[in-house]
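For reference, the structure discussed in these notes is given below.
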Amino acid sequence: MSAASALLLVSFFIPAAAMAAQYTLVIKNHRFSPNRLTVPANERVKLVIDNRDATVEEFESHDLHREKLVPGHSKSVVWVGPLGAGTYHFYGEFHKETAHGALIVK
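Per my numbering, the very first residue in the sequence shown carries number 9; after that it's consecutive.
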């Protein structure tokens, strides 16, 4: 594959990723905020997990088939979708009693 062909191929994927909807989930005091987040159905979305606590947390969702460690005072990205309409639960692996929520897909 020539360099020009490779560049052309890559250019098809950049706009789709750049245009994906982005949503932020904040972890503070071992809780997600918002704890219910509504996103569009049948679209790929970018979830930014902003951990404002000093300790590490793990974003986990069996419904979404995702898990991601988020160090204290840092952000991580989790891509999901496209998803069908429904409710997809998530939680913080290290603080399950307080860090939990749902992604509402409409």
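Glycine included, each C-beta is placed from N, C-alpha and C at the ideal position.
Remember, predicted model here, so these are calculated numbers, not experimental data.
Rounded Cβ spacing between residue i and residue j (contact assumed at less than 8 Å)
i	j	result
Arg39	Ala107	6 Å
Gly100	Val53	At roughly 20 Å, the Cβ-Cβ gap does not stay under 8 Å, so Gly100 and Val53 are not in contact.
Lys76	Ile57	7 Å
Ser69	His103	15 Å between Cβ atoms; not a contact.
Residue i, enclosing beta strand (DSSP E) - first and last residue
i	result
Val47	Arg44 to Val47
His103	From DSSP, His103 is part of no beta strand (DSSP E); its letter is neither H nor E.
Ala93	From DSSP, Ala93 is part of no beta strand (DSSP E); its letter is neither H nor E.
Glu51	From DSSP, Glu51 is part of no beta strand (DSSP E); its letter is neither H nor E.
Lys83	Ser82 to Val88
Bridge partner(s) assigned by DSSP for residue i
i	result
Thr32	Val56
His76	It should be noted that the sequence gives Lys, not His, for residue 76. DSSP lists Phe67 as partners of Lys76.
Ala110	Arg44 and His97
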